[in-house]
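Here's the structure we're looking at; comments come further down.
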Amino acid sequence: MMDLNTTDALTGLHTYSVLLEYLERTLLSRQKSSVGIIYIELDDPARFNDTFGHDTDKHILVNVIQSIAALLTDELFVRMGTYGFAIAKKEIASSDVLRSLAQKIINLLREPLNFQGNLLYMTATIGISFSSRYQKSDPLTLLKYAEYAMKDAKKLGTNRIMVSKQESKILYEQELRLLKDLPHAIEQGDIYFVYQGQYSYRKDAFTGAEMLARWEHPELGNIPPSIFIPLAEKSGMIAPLMTRTLIGAASMFKKLEEKGLGSFSISINLPFQVLMEESFPDTVQFILKAYELTGRNLTFEIMEDTIPDHIESFTARLDEIKNIGFSLAVDDYGTGHTSLHYLLHFPVDYIKIDRSFVRDIHKDHKRFLLFRSIIDMAKALNLEVIAEGVETYQEDAVLRNFAELSVQGYLYSRPSKSETFLQLLD
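This is the structure we're talking about:
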């Protein structure tokens, strides 16, 4: 049965009380993290009731919510009144992430709704507020800023997005602090590496791991990668961080070899900015020789949403990296715009299916069919596949229908430092 105190009867969304509890946990706990609010208000769906009948607005509301929900992954989605709702998202680098999601929602609403054979056009207004983990904020204030921003946007017309400016000065100062400390963190080891295993169903064993960067700031504590990686890219420190990552991978390969795991693979996320730097191939070749990485099973992962529309120079650079001796993968497959045509021409060895295709796959037959179609496509292109974000036994049971699959997620391996991870392989 639905809990009427926490679940909206019409839409099935969480209620305001759940949002407050979520924000209190996020903003007021000792493990505080950044969090943002997208406050959405539909522009008077009730105007359709006189023409198309009583409760037309409710049908529109439910239809819009279902469409928006399909865009979401780990966000909290909440009803906020008659025609309002909010999306809360934590562990984000800035309000730019929220603005991007808000724009996707506006684009979605530009598509007409089919109601009883009639095309109805719906509009909305969106306000955004954001609080980093370093600033003092409380749930009600954060919600108020998002609502005020929405009302300001409404004054400008329909399908508008407005970001609250209340906290911009504080965020700017915090960003400057992290930018100042970042070079020292890379050099002195405050940025370190953890490993999350990749488990092969066919071999019934871990055959690889993804190498992930973490930053433990001496004063500010844990800085999420979603914050410091964009700062590194923005400041030009991403190349030194990448060099440090490759040196760390060389050290890990030696430890693996001592355990008799010479064929074990390590994958590293390769930012587009670093990949396309003119000097990158030479830098990589130097590190390969200097740190004995030649012949190691090292893979670069390229996130799908960073792949450019004009791919000639991009593909040429991938060919160059591939010829040096690296494997290549498309990460978060399904979240961007990579077409089958692109995959035909990219020299990639495998794809990593995004968590959004795995979550609740045991409950959603359409999701299962879509997942299976990706597997079939990968087989046709002779690509290996890793499913990301496997977190429950139910999801794992469904994925085991695909014997050739490898999986990565908290169910099998949480990201851990090298010593702990190596113990997992015993």
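In the working numbering, the protein residues as written are 11 to 436.
Cβ atoms here follow ideal geometry from the backbone N, Cα and C, with glycine treated the same way.
Backbone secondary structure at residue i - three-state DSSP
{"i": "residue 107", "result": "helix"}
{"i": "residue 65", "result": "coil"}
{"i": "residue 360", "result": "strand"}
{"i": "residue 355", "result": "helix"}
{"i": "residue 88", "result": "strand"}
{"i": "residue 217", "result": "strand"}
{"i": "residue 4", "result": "Lying outside 11 to 436, the shown extent of the chain, residue 4 is not represented and no answer is given."}
{"i": "residue 102", "result": "coil"}
{"i": "residue 13", "result": "The predicted position of residue 13 is uncertain, since its pLDDT is 43 and thus under 50; a value taken from the coordinates is nonetheless stated next. Correct three-state label for residue 13: coil."}
{"i": "residue 325", "result": "helix"}
{"i": "residue 78", "result": "helix"}
{"i": "residue 431", "result": "helix"}
{"i": "residue 382", "result": "helix"}
{"i": "residue 36", "result": "helix"}
{"i": "residue 255", "result": "helix"}
{"i": "residue 141", "result": "strand"}
{"i": "residue 130", "result": "strand"}
{"i": "residue 243", "result": "helix"}
{"i": "residue 45", "result": "strand"}
{"i": "residue 304", "result": "coil"}
{"i": "residue 173", "result": "strand"}
{"i": "residue 24", "result": "strand"}
{"i": "residue 233", "result": "strand"}
{"i": "residue 192", "result": "helix"}
{"i": "residue 425", "result": "coil"}
{"i": "residue 391", "result": "coil"}
{"i": "residue 409", "result": "helix"}
Close-in-space but distant-in-sequence residues of the same chain around residue i (CB under 7 Å, 5 per side omitted)
{"i": "residue 353", "result": "391"}
{"i": "residue 147", "result": "37 and 141"}
{"i": "residue 250", "result": "196"}
{"i": "residue 280", "result": "310, 311 and 312"}
{"i": "residue 318", "result": "324"}
{"i": "residue 358", "result": "338, 339, 340 and 393"}
{"i": "residue 109", "result": "138, 171 and 173"}
{"i": "residue 192", "result": "238, 241, 242, 245 and 247"}
{"i": "residue 21", "result": "71, 72, 75 and 89"}
Through-space distance from residue j to residue i, alpha-carbon basis
{"i": "residue 68", "j": "residue 307", "result": "55 Å"}
{"i": "residue 211", "j": "residue 413", "result": "6 Å"}
{"i": "residue 323", "j": "residue 340", "result": "17 Å"}
{"i": "residue 27", "j": "residue 97", "result": "14 Å"}
{"i": "residue 91", "j": "residue 328", "result": "50 Å"}
{"i": "residue 424", "j": "residue 165", "result": "47 Å"}
{"i": "residue 24", "j": "residue 31", "result": "11 Å"}
{"i": "residue 52", "j": "residue 409", "result": "38 Å"}
{"i": "residue 223", "j": "residue 243", "result": "14 Å"}
{"i": "residue 430", "j": "residue 262", "result": "12 Å"}
{"i": "residue 184", "j": "residue 59", "result": "49 Å"}
{"i": "residue 106", "j": "residue 268", "result": "45 Å"}
{"i": "residue 79", "j": "residue 87", "result": "8 Å"}
{"i": "residue 335", "j": "residue 257", "result": "16 Å"}
{"i": "residue 221", "j": "residue 419", "result": "13 Å"}
{"i": "residue 209", "j": "residue 119", "result": "40 Å"}
{"i": "residue 34", "j": "residue 203", "result": "30 Å"}
{"i": "residue 43", "j": "residue 426", "result": "20 Å"}
{"i": "residue 71", "j": "residue 417", "result": "37 Å"}
{"i": "residue 389", "j": "residue 395", "result": "9 Å"}
{"i": "residue 163", "j": "residue 112", "result": "13 Å"}
{"i": "residue 380", "j": "residue 215", "result": "26 Å"}
{"i": "residue 93", "j": "residue 75", "result": "10 Å"}
{"i": "residue 198", "j": "residue 227", "result": "11 Å"}
{"i": "residue 330", "j": "residue 213", "result": "31 Å"}
{"i": "residue 360", "j": "residue 428", "result": "24 Å"}
{"i": "residue 229", "j": "residue 333", "result": "43 Å"}
{"i": "residue 260", "j": "residue 186", "result": "32 Å"}
{"i": "residue 13", "j": "residue 286", "result": "At residue 13, the pLDDT of 43 sits below 50, so the modelled position is not reliable and the matter cannot be decided from this model."}
6 Å Cβ shell around residue i - same chain, five flanking residues per side excluded
{"i": "residue 50", "result": "95, 134 and 136"}
{"i": "residue 342", "result": "313, 314 and 364"}
{"i": "residue 252", "result": "284"}
{"i": "residue 266", "result": "274"}
{"i": "residue 316", "result": "282"}
{"i": "residue 103", "result": "236, 237 and 240"}
One or two residues paired with residue i in a DSSP bridge
{"i": "residue 224", "result": "202"}
{"i": "residue 343", "result": "363"}
{"i": "residue 311", "result": "279 and 339"}
{"i": "residue 417", "result": "209 and 397"}
{"i": "residue 94", "result": "51"}
Neighbour flag for residue i against chain C, beta carbons, 8 Å
{"i": "residue 262", "result": "The structure shown contains no chain C; it holds only a single protein chain."}
Contacting residues, own chain, Cβ-Cβ under 8 Å from residue i (five flanking each side not counted)
{"i": "residue 169", "result": "116, 119, 120, 133, 134 and 135"}
{"i": "residue 122", "result": "129, 130 and 131"}
{"i": "residue 232", "result": "224, 225 and 226"}
{"i": "residue 434", "result": "207, 216, 423 and 426"}
{"i": "residue 421", "result": "400, 401, 402, 403, 405 and 406"}
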